[in-house]
């Protein structure tokens, strides 16, 4: 089960449980984002529909941040003109939780939280016996 959505001027193929990085978006107070611009939906049989107005994809915000720096370098040859600019694009990482269309809902499996791992007691290093001093 997957859907093709449009977000931030780009298209993404998503399935329940996927984590995607979209252009920075505002989320609700509960951290949920709803993508209503669904271009296609495919069920298990491989049927793809045209743009679905009633289809909806819901995601949970995982992270918001800034991407890697993109360097833009301008120069004019033979004129000693050089300019270097940097830019970091903000992004929002979203985990797709649900795809809904035609009254059906396909949800992502719940994430299992890992139990804290207990560290084994640190071994004390064996004490070395001092070698007897040699007499001359």
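In our numbering, the protein residues as written are 7 to 142. Using N, Cα and C, we set each Cβ at its ideal position, and we do this for glycine too.
Straight-line gap, residue i to residue j (C-alpha atoms, nearest Å)
i           : j           : result
residue 91  : residue 80  : 8 Å
residue 1   : residue 125 : Past the edges of the chain, shown from 7 to 142, lies residue 1, and the structure says nothing about it.
residue 8   : residue 88  : 47 Å
residue 75  : residue 32  : 22 Å
residue 17  : residue 114 : 20 Å
residue 103 : residue 83  : 52 Å
residue 135 : residue 116 : 56 Å
residue 110 : residue 15  : 27 Å
residue 105 : residue 94  : 31 Å
residue 131 : residue 138 : 21 Å
residue 34  : residue 46  : 25 Å
Sequence-distant residues of the same chain with beta carbon closer than 7 Å to residue i, five excluded per side
i           : result
residue 77  : 90, 92
residue 133 : none
residue 40  : 62, 64
residue 68  : 25, 99, 100, 101
Residue i and residue j closer than 8 Å at C-beta
i           : j          : result
residue 101 : residue 66 : yes
residue 28  : residue 13 : yes
residue 36  : residue 11 : no
residue 98  : residue 30 : yes
residue 129 : residue 96 : no
Buried versus exposed, by CB contacts within 10 Å (16 or more), residue i
i           : result
residue 22  : buried
residue 123 : exposed
residue 20  : buried
Cutoff 8 Å; reference residue i; Cβ partners in own chain excluding five residues on either side
i           : result
residue 146 : It is not possible to answer for residue 146, since the shown part of the chain is limited to 7 through 142.
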